[in-house]
Every structure is written in structure tokens, then in C-alpha cells.
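Chains as they are written, first to last, in numbering that gives the first Met the number 0: chain R, 0 to 359; chain G, 0 to 207.
Reviewing the structure listed below.
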Amino acid sequence: MSVGSPALAAYSLVLTALNARLVYRRVQHIRDGSRNTVARALVSLQQVPLELTKDARLLAFISVGDQWRQEIVDRLNQRNAWSIDTGSSVAWVIIAFVFTLVNSFVSLDKSSIASGGHAVGILWLWLLCLVIGWFWVPTFTCGELRSAVGFVNQKAARKAARRIRIGAHRVVNYTRAKFTGLSRRARRARPVTDFVHEENEKVKEGSVQEGTKPIGQELGAKANPLLNPSHNQSTVSFQLLPESHHGYDQRSASADLATNQSIVSMARSAAGYSIAQSSIRPDRDRLLISKDPFNSLNRDEFRLAATFNYSRIMGYLALVDDVLIALDNLTNEKHKVGLSRDVWYRKLSHWSSTEELGDL
Amino acid sequence: MSGTGSCLTGPRQKNWGIFEARPTGVFPPGALNSMLTASIFALVLQCGTTAAAAIVAVFTPTVGLGCRSLGYILYGGIALLILFLTIVSTLLARISETRNERSTIVKCFTAFIATAFHKISHLLAFINVTGLILLSCFQFSNFLDNCYCNASVIGRGTDSYVAGSYEGWIPTMRNSRIGATILAASSVSIYMFFLWLISTPPPAVDDL
Numbered sequence: 000m001s002v003g004s005p006a007l008a009a010y011s012l013v014l015t016a017l018n019a020r021l022v023y024r025r026v027q028h029i030r031d032g033s034r035n036t037v038a039r040a041l042v043s044l045q046q047v048p049l050e051l052t053k054d055a056r057l058l059a060f061i062s063v064g065d066q067w068r069q070e071i072v073d074r075l076n077q078r079n080a081w082s083i084d085t086g087s088s089v090a091w092v093i094i095a096f097v098f099t100l101v102n103s104f105v106s107l108d109k110s111s112i113a114s115g116g117h118a119v120g121i122l123w124l125w126l127l128c129l130v131i132g133w134f135w136v137p138t139f140t141c142g143e144l145r146s147a148v149g150f151v152n153q154k155a156a157r158k159a160a161r162r163i164r165i166g167a168h169r170v171v172n173y174t175r176a177k178f179t180g181l182s183r184r185a186r187r188a189r190p191v192t193d194f195v196h197e198e199n200e201k202v203k204e205g206s207v208q209e210g211t212k213p214i215g216q217e218l219g220a221k222a223n224p225l226l227n228p229s230h231n232q233s234t235v236s237f238q239l240l241p242e243s244h245h246g247y248d249q250r251s252a253s254a255d256l257a258t259n260q261s262i263v264s265m266a267r268s269a270a271g272y273s274i275a276q277s278s279i280r281p282d283r284d285r286l287l288i289s290k291d292p293f294n295s296l297n298r299d300e301f302r303l304a305a306t307f308n309y310s311r312i313m314g315y316l317a318l319v320d321d322v323l324i325a326l327d328n329l330t331n332e333k334h335k336v337g338l339s340r341d342v343w344y345r346k347l348s349h350w351s352s353t354e355e356l357g358d359l
Numbered sequence: 000m001s002g003t004g005s006c007l008t009g010p011r012q013k014n015w016g017i018f019e020a021r022p023t024g025v026f027p028p029g030a031l032n033s034m035l036t037a038s039i040f041a042l043v044l045q046c047g048t049t050a051a052a053a054i055v056a057v058f059t060p061t062v063g064l065g066c067r068s069l070g071y072i073l074y075g076g077i078a079l080l081i082l083f084l085t086i087v088s089t090l091l092a093r094i095s096e097t098r099n100e101r102s103t104i105v106k107c108f109t110a111f112i113a114t115a116f117h118k119i120s121h122l123l124a125f126i127n128v129t130g131l132i133l134l135s136c137f138q139f140s141n142f143l144d145n146c147y148c149n150a151s152v153i154g155r156g157t158d159s160y161v162a163g164s165y166e167g168w169i170p171t172m173r174n175s176r177i178g179a180t181i182l183a184a185s186s187v188s189i190y191m192f193f194l195w196l197i198s199t200p201p202p203a204v205d206d207l
């Protein structure tokens, strides 16, 4: 495909770079410590077909841990590094091309009528551009993504075994998206829930806090009750996390696990396991799911080579938009609440346990 | 297949429920701008290299459109056609995916066109690959070194001839080759410079 249409490959390359740039620029409007990490994660997801699940607001909880961050940074550095091999190969090609040109000019009168390598050399020149270009633009192949995720997942599982999960995961997108990176429609989109009103209801929320569960059980459950609106309220598990300096970090532990799990499943399904996987378990407790190959209009989305990034742009940018809106709302909420962890967790539990906002 | 057969049951309907925050715009913000920019630079790269190759071939005696130059132009043209079809297909697929169930005509029609364009572009790409490799092989194995090709019959018609010597043509050849090289180099450098500009390294991890 790339040789068949260099224009398309060049288009993909520029598009990938533009997307990465867009993500990095938009994310700068978010006042959250995890913003650059989130941006890196998003940029690295360009090469797999993705879709957010119905309960994708959970993604607002991506506040990714140290291992994940370190791993991604390492891999990005790895990708961008020019090694001696690649440099010398490219240099060799350039030298050969220059010799062809020189030969073409020196032996103008003697050259055969076939016009030699000059025309053909120029015709293949795009290949050199693309090879160099893909060194500049960070790409993650599916295998790299999977190995990174596998590594992080182990760590996260170990970490999570020590911690308790807040069951209440839901975030209601309560305020307008304020940062300028968003479209006007996105800014208009958000209804506002009444903060004072929710504070008044704290008393009622207290009843939800019984029925705690450690994280292992929670994940082992067939369907996450929190994500199932029709489910009985009494099964909602909620427990205040242990004390620490940063309430935010504590919360992120559970998010870590959820995120990594979903990314694992995403990477797996991208590798072709999707059908088997989805027939066993419903997608309900995943943040990111791989698109369904049978229901997609564009089959190129499922080709994992970077050349096919052009076919993923719509889904990818929509996903970026969703994630950033959610993250921004979450951040605004955090600042508004003033980082009081008690209030914050109570609000979360409230949102996750009531369906009073159902008409929104 | 997926377009006609399953377009009604097809791309999943997004039902966010109480988390309805997603603006229901058809194209996500920034998508169209990116696509436009990217396609312009792809166009520059492809046209520059192909046109330069064609210029070299055309201005090598006998001057005129020959087998080789026609091959180059066809190659570049088909590559651009593939780019165009793919972009249209991406747009239509997105339109089809975001339409709601009620507008079945629009949904199915766009899905059909998108799928068809997608398949056509794949077919064309296959043809183009074969053509390019064959062309390169023929040229280097002197298969194209025959009367028909050397006389540029395709471009000149009955006026064609095989040039015996290059005597008077040397300056033309030299100038055209210099021009072609400059054209190719400039288009490549425009593309690479732009790519270098936009591929900024990610910012350092900061903690607010």
C-alpha cells in the first residue's frame, strides 16, 4: 500500500505527527499533574483501532502511575534514537543517489537513451523521506505497546493488592469544558449539576459506604455493578482509602489498574483475540475497547502498520476529545472542591450510586 | 461487504447515557484541518518527485511523451487518485457512523460509497505497485530500449523518430535534468522541513 501510493504514506506520516502535536497542545490547558503522561499515552495509542466504551467517563481517572510513565518515556526515547545502523543505511542511500545524479550529468552524451537511473532515482526519492520521517515521528507498534502494558500491569496488580479500590468510579461531566483547545460545541455541551444540592445530600450517601470489597473480588465479579445502572444500589462498594499526603494519588491507584487492564485487553484484541475475548466477557468494565472488525466500514483500521494511521484519524481524535473533556472536568472539580478528599470521595460515591441525573 | 450488508446493524450506536458529554459533531475538532494540511504536503511530495522524473524522461531525446514518462505520470496520477479516494472514504465512513438509525438512506448510501472507494483504492494500489516494479525492472534491463519507446511514439504520433546522436540536444538535456533535480529536491525539502517542524519532541513530564 505504501509503495502503491507514496502520497498516502506521506499523508499518514504528516497526520500522525499532527495528531501528536494536537494532543500535546490541547493537553497543556489542563491543570493536572498527569497531563503530559496522559498525552503520551494517547499519542502512543494512535496505531490501534480504539473506541471508548459507553462508560468511558471512567477514563477521567487516568492518572497514571510511575511505572507506566517511565516505561512510556523509555520507549519513546528508544524509538527516537538514531542508531549507527539506520544512520549509515540512510547515508549509503543518499550517497548512491548523489553518484547517480553525478553520473547522469557527466556522461550526458554517452548515456544510453534510457536516461539511466536519474529518473528512476528521483521516482523513488519519496522512500527516503518516509524512512527518515518515521524516525522523527514516534510510533508504537502493537508489540511494543503490549510489552509495555504487560510490564506495567504486573506492577499495578502488585500495587493494587495492597490497596483498596474505591468502587465509586463514575464521574459526571458536570461543567463546561473550559479549555480553549475544544470546539465550541464541546464547550456548549455540558449541563451543570448543582454543587450545593449535592452537598446537602451527603447524609443520604453515607448509607452507600457499607459493603466494602477488596480489589481482587471487585475485578473478579462478572459484571461491575457500578457500571450497570439497573443494578441494586446495595452492591456498590465503597471505602475510604488509607491516609496519605495526596488524596489524588490514592485515587489513582485503582484507576491505574482499571486502565492497564483495559489497555491489556485492547492490545490483545488488536492482535486478533478480540472475538474470543468479547464472547467470554462483556465489555462493560473496560475503558477502551477495540473496534469490532465486522462492523467497521473501514477495514484498514485493523491493520496495525503505521502507514494505515490515516484510517484511524476520526476515531482517534474523537477519543482524544472525550478523554480530554473528561480529564478537564475532573480537574476543575478537584480544584473547586479544594482537594478535600472526604468531600471528593463522597461526591464520587454519590454519582456512582444514584441515577438521578438520568435525564441529562 | 460490510457497507451494504451490515450498515443498519453496523457501527455501534453510541449511547452515553447519563454521561452524555460527547459533542455529537460529525467530525472531531481538528480532524479536517489535519487532513487538509497532511494531504497538501503529501501532494507536494508526490507531485514533485513524479513530475521531476517525468521531466527527465521527456527531455531525453527523442523529446516527447514516451513509454517511460507515461509510466511515471500514470504512477503518480494513480497514487494521487488513491489518496483522494481514501480521504473521501474516510469522511464518508465517519458520516455514516455518526448518523442515527433513522436516516437509513444516508447511512447506507455513504457506507456503500465509502466501502466501494476503499476497495477500489486497494485494487489501484496493487496495480500501482506491480506497475512501478515492472517499470523499474524493464528500464534497467533495457526492455524499453526499443524503437517504439525510444521514438516517443505515444507523444509524437506520426512525427516520431529515433534520435541517432544527441549532438544538438545536450544543453536541453542538461538544463532539463538540472531543473528536474531542483524540483525534486525542493519538494522533498519542503516536505521534510515541514515534518521536522511539526514533529516536536514531547514536553518533559511536569508535575503541577
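A virtual CB, placed ideally from N, CA and C, is assigned to each residue, including glycine.
Remember, predicted model here, so these are calculated numbers, not experimental data.
Pairwise C-alpha distance: residue j and residue i
| i | j | result |
| --- | --- | --- |
| R/Arg1 | R/Ala304 | Note that residue 1 of chain R is Ser in the sequence shown, not Arg. If I take the Cα positions, the gap works out to 10 angstroms. |
| G/Asn99 | G/Ala92 | 13 angstroms |
| R/Ser277 | G/Phe192 | The predicted position of R/Ser277 is uncertain, since its pLDDT is 28 and thus under 50; a value taken from the coordinates is nonetheless stated next. Whole-angstrom Cα-Cα distance: 45 angstroms. |
| G/Gly76 | R/Tyr309 | 20 angstroms |
| R/Leu323 | R/Asn35 | 12 angstroms |
| G/Thr89 | R/Leu107 | 46 angstroms |
| G/Gly70 | R/Tyr315 | 37 angstroms |
| G/Cys117 | G/Leu84 | A small correction: the amino acid at residue 117 of chain G is His; Cys does not occupy that position in the sequence shown. Roughly 7 angstroms separates the two Cα atoms. |
| G/Val161 | G/Ala150 | 5 angstroms |
| G/Val25 | R/Val319 | 15 angstroms |
| G/Val57 | G/Phe142 | 18 angstroms |
| R/Phe307 | G/Gly156 | 42 angstroms |
| R/Ser89 | G/Ser188 | It is worth fixing the name first, because residue 89 of chain R is Val in this sequence and not Ser. Cα to Cα, R/Val89 sits roughly 16 angstroms from G/Ser188. |
| R/Leu12 | G/Leu123 | 20 angstroms |
| R/Phe104 | G/Tyr74 | 25 angstroms |
| R/Ala317 | G/Ala30 | 9 angstroms |
| G/Thr171 | G/Gly178 | 10 angstroms |
| R/Leu100 | G/Thr103 | 57 angstroms |
| R/Arg30 | G/Ser95 | 36 angstroms |
| G/Ile153 | G/Thr59 | 15 angstroms |
| G/Leu134 | G/Arg67 | 8 angstroms |
| R/Val22 | R/Cys128 | 24 angstroms |
CB contact below 9 angstroms: residue i versus chain G
| i | result |
| --- | --- |
| R/Ile93 | no |
| R/His117 | yes |
| R/Phe98 | no |
| R/Gly86 | no |
| R/Phe104 | yes |
| R/Val130 | no |
| R/Met0 | yes |
| R/Ile312 | yes |
| R/Ser4 | yes |
| R/Ser82 | no |
| R/Val89 | no |
| R/Ala19 | yes |
| R/Ala9 | yes |
| R/Leu44 | no |
| R/Ala16 | yes |
| R/Ala305 | no |
| R/Gln232 | The pLDDT assigned to R/Gln232 is 27, lower than 50, so where the model puts this residue is not dependable, and the model offers no usable value. |
Below-9 angstroms beta-carbon distance, residue i vs any chain R residue
| i | result |
| --- | --- |
| G/Phe125 | yes |
| G/Arg93 | yes |
| G/Phe26 | yes |
| G/Gly29 | yes |
| G/Phe40 | yes |
| G/Val55 | yes |
| G/Glu96 | yes |
| G/Tyr147 | no |
| G/Ile153 | no |
| G/Ile169 | yes |
| G/Ile86 | yes |
Pair every Cβ in the segment 14-30 of chain R with every Cβ in the segment 129-137 of chain R, then say whether three or more of these pairs are closer than 8 angstroms.
Using a C-beta cut-off of 8 angstroms, the segment 14-30 of chain R makes contact with the segment 129-137 of chain R, since at least three inter-stretch Cβ pairs fall below that distance.
Counting beta carbon pairs with one atom in the segment 51-63 of chain G and one in the segment 25-42 of chain G, are three or more of them shorter than 8 angstroms?
The way I'd put it, the segment 25-42 of chain G doesn't touch the segment 51-63 of chain G; fewer than three beta-carbon pairs between them come closer than 8 angstroms.
Please name the residues in the segment 127-143 of chain G whose beta-carbon is closer than 7 angstroms to at least one beta-carbon of chain R, in chain order.
Residues Asn127, Val128, Leu131, Ser135, Gln138, Asn141 and Leu143.
Could you tell me whether the segment 99-112 of chain G touches the segment 39-46 of chain R, using the rule of 3 or more Cβ pairs below 8 angstroms?
No, the segment 99-112 of chain G is not in contact with the segment 39-46 of chain R.
Taking a cut of 7 angstroms between CB atoms, which residues from the segment 178-196 of chain G lie near chain R?
Of all residues in the segment 178-196 of chain G, the ones placed with a Cβ closer than 7 angstroms to any Cβ belonging to chain R are Ala179, Thr180, Ala183, Val187, Tyr190, Met191, Leu194 and Trp195, in chain order.
Take every Cβ of the segment 182-189 of chain G, pair it with every Cβ of the segment 43-58 of chain G, and state whether three or more of those distances are shorter than 8 angstroms.
Judged by Cβ distances under 8 angstroms, the segment 182-189 of chain G makes contact with the segment 43-58 of chain G, as three or more pairs qualify.
Short-range partners of chain R found in the segment 100-115 of chain G, where Cβ spacing is below 9 angstroms:
Cβ contacts with chain R come from Thr109, Ala110, Ala113 and Thr114.
Interface residues of the segment 70-81 of chain G facing chain R [CB-CB below 7 angstroms]:
Answer set for the segment 70-81 of chain G: Tyr71, Ala78, Leu79 and Ile81.
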